[in-house]
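Read in order, the letters of the sequence shown are residues 1 to 505 in the UniProt record's numbering. Every residue, glycine too, gets a C-beta built ideally from N, C-alpha and C. Notes for the one structure printed next.
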Amino acid sequence: MSTKAKNVPVVEPYGNPAPFAEPAWYNTLASPYYDESHRRVRDYVRKYIEEHIAPNIQEWEEKGHVPDEARVHFAKSGLAFPELPREYAGDVPLPGNVPAEKWDIFHSLVVSYEASRIWAAGVSVGLNGGTTIGVPPVIHHGTEEQKRWWLPGLVTGKTSFCLGCTEPTGGSDLANLKTTATKSDDGTYYTVNGHKKWISGAIRASHMTTAVRTGGPGIKGISVLVIPLDLPGVSRRKISNSGWNAGDSTWVTLDNVKVPANHLIGQENAGFQYIMTNFNKERFILAVLMNGQARICLEDAWAYATDRHTFGKPLMYHQIIRHKLITMARYIESHWAWLEQIAYHAHTTGSMGTELASRIAMAKIHGGRLLELANREAQQIFGGAGYQRGGVGARVEQISRDLRVNIVGGGSEEIITDLAVRQEIGAAPQGANAAPQPHDLAYSFFPMFVRLAPRTNQRSFHRSVRHLELQTGAGRYGRAWLLSLEVVGEKEVDTLNTFLRDPAL
1 MSTKAKNVPV VEPYGNPAPF AEPAWYNTLA SPYYDESHRR VRDYVRKYIE EHIAPNIQEW
61 EEKGHVPDEA RVHFAKSGLA FPELPREYAG DVPLPGNVPA EKWDIFHSLV VSYEASRIWA
121 AGVSVGLNGG TTIGVPPVIH HGTEEQKRWW LPGLVTGKTS FCLGCTEPTG GSDLANLKTT
181 ATKSDDGTYY TVNGHKKWIS GAIRASHMTT AVRTGGPGIK GISVLVIPLD LPGVSRRKIS
241 NSGWNAGDST WVTLDNVKVP ANHLIGQENA GFQYIMTNFN KERFILAVLM NGQARICLED
301 AWAYATDRHT FGKPLMYHQI IRHKLITMAR YIESHWAWLE QIAYHAHTTG SMGTELASRI
361 AMAKIHGGRL LELANREAQQ IFGGAGYQRG GVGARVEQIS RDLRVNIVGG GSEEIITDLA
421 VRQEIGAAPQ GANAAPQPHD LAYSFFPMFV RLAPRTNQRS FHRSVRHLEL QTGAGRYGRA
481 WLLSLEVVGE KEVDTLNTFL RDPAL
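If you want it as structure tokens, here you go:
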């Protein structure tokens, strides 16, 4: 039987021809995911970055500031937020002039990957602020009136957003945030008090999509308010970090800030879910960016190993150096294939929902690990040049100071590792977890624990459930098993799942 394929498209070489310096579909292998429109987007983004951003990256990062005119130009390029609904985009076309009805997640994947070529991540944030993560709650849960207020300015540079979740007392522990929003007696405004920390882009953003507490403790008391950052009572100061100098990391103080009630996004006390659904996209983008920056480390290390001579021969002639490079490539290529698989599922289903949460979390974790590996090995190959600011190893050195933000941001590695496991346990069908059948004690007491949950101290309930799991193995069973008992309903199971998945417990 012939295995020769027919009508295989010719892959035209593009970008850096060095091995593994570009994704395989750029210049080596055919792919079912991309067509001519994706190549146009790739070409447009790379040309824009090379002409308007790359010559200034080091200067802007050292100054800790991206000029306002560069920010406005970037907004008008269509790259600031390609997923913006077209009715709010004015006359700004999509990158590569792709028709709106043809735009898919692989176009967005290409944009995110090419953006990783802005090798000082702070400059990328300085250009776009936190719009990428601050605007989606407005798009998906805001009213039409709110969208008309805020979205058109994104493509003119008049408005920019940031996301205000992290606080001085906690980052990943969103369920226990301290910032409060108290509604006025006449219902016309909220008075907001609290602090937000490490808010990317907030120093110059016009609005902050803000997680606030409007109700009781836990996840059911959280709402989302869009706070104009020029309101009285708002103060901001830049935070000095190890990297991301141009990224405008900001401490925001909210002191009796009166926010109009019509700035509430969605329903009051329903904000936790709005924020959490936003994390899937944020984590996916971070995973793509980390893959791209790992590839930069490989690209520069490969070139240096080819040119640099030691002991009378190029570094590349030393086996240990070759093994470092191919190990980097192996991790980068496999991770990229994983990202494409996730993107394909989202493209096919039209959703980046809960069924992808664990895989996106794992892809982000793996992206952080491979970026740490690639950066370390690249610095080893560069030697002192990889530790020097500027010069041949400048990109690798800068990435070494920036990478920690990507690994911690969007959910720390430790938090989302456990999230991924718990997501899979909860989603597994009956019997799929290969646990022994729980004995009668589990059947007798598990429903009781579920029903007592709303009336029990959360930590006490959690300890009791964990004790029962250890005694019976019942915790290895998921939603389907609990419902099969027929004495536990959907509502009670949702309550149990909330407790078991709440990182605050």
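- Under the DSSP assignment, Ala211 falls outside any alpha helix (DSSP H), being part of the beta strand (DSSP E) whose first and last residues are His207 to Arg213.
- In the DSSP annotation of this structure, the continuous segment of the alpha helix (DSSP H) that includes Lys364 starts and ends at Ala357 to Phe382.
- Going by beta carbons, Gly96 and Ser184 fall outside the 9 Å limit.
- Considered as a whole, the segment 111-138 harbours 121-128 and 131-134 as its complete alpha helix (DSSP H) runs of no fewer than 4 residues, in chain order.
- Judged by DSSP secondary structure, Ala303 falls within the alpha helix (DSSP H) whose first and last residues are Gly271 to Asp307.
- Excluding the 5 residues flanking it on each side, Val92 has same chain C-beta neighbours closer than 7 Å at Lys76, Gly78 and Val155, in chain order.
- With a beta-carbon spacing of about 6 Å, Leu229 and Met208 fall inside the 8 Å limit used to define contacts.
- Residue burial annotation: Ile326 is exposed, with fewer than 16 other C-beta atoms found within 10 angstroms of its C-beta.
- Looking only at Gln341, Trp149, Ser412 and Glu355, the smallest Cα-Cα distance to Tyr34 is reached by Gln341.
- The DSSP-derived three-state label of Ile239 is coil.
- In the DSSP assignment, Asp43 falls within the alpha helix (DSSP H) that extends over Glu36 to Tyr48.
- Leaving aside the five residues that flank Tyr387 on each side, the residues in its chain whose CB is nearer than 7 Å to its CB run, in chain order, Gln379 and Glu397.
- For Ile53, there is no enclosing alpha helix (DSSP H), since its DSSP letter is neither H nor E.
- For the pair Ala287 and His347, the CB atoms are not nearer than the 9 Å cut-off.
- Under the criterion of beta carbons closer than 8 Å, Asp248 and Val135 do not qualify as touching, at roughly 17 Å.
- For Thr327, the enclosing alpha helix (DSSP H) begins and ends at Gln319 to Thr349.
- Restricting attention to Gly170, Tyr189, Ala24 and Gly187, the CA atom closest to the CA of His195 is found in Gly170.
- Relative to Pro152, the option among Ala181, Arg117 and Ala89 whose CA is nearest is Ala89.
- In the three-state reduction of the DSSP assignment, Asp104 falls in the coil class, being assigned neither a helical nor a strand state.
- In this structure, the beta-carbon distance from Asn291 to Ile332 falls below 9 Å.
- Thr131 counts as buried, since no fewer than 16 other beta carbons sit within 10 angstroms of its beta carbon.
- DSSP places Gly409 outside both helix and strand once states are collapsed to three, so it counts as coil.
- In the displayed model, Glu22 falls within coil according to three-state DSSP, outside both helix and strand.
- Unbroken beta strand (DSSP E) runs of no fewer than 3 residues, entirely contained in the segment 157-206, are found at 161-164, 180-183 and 189-200, following chain order.
- In the three-state reduction of the DSSP assignment, Pro17 falls in the coil class, being assigned neither a helical nor a strand state.
- Residue pairing from DSSP leaves Ile416 without any beta-bridge partner.
- With contacts defined as CB atoms closer than 9 Å, Glu114 and Arg71 fail to qualify as a contacting pair.
- Under the three-pair Cβ rule at 8 Å, the segment 261-272 counts as touching the segment 222-239.
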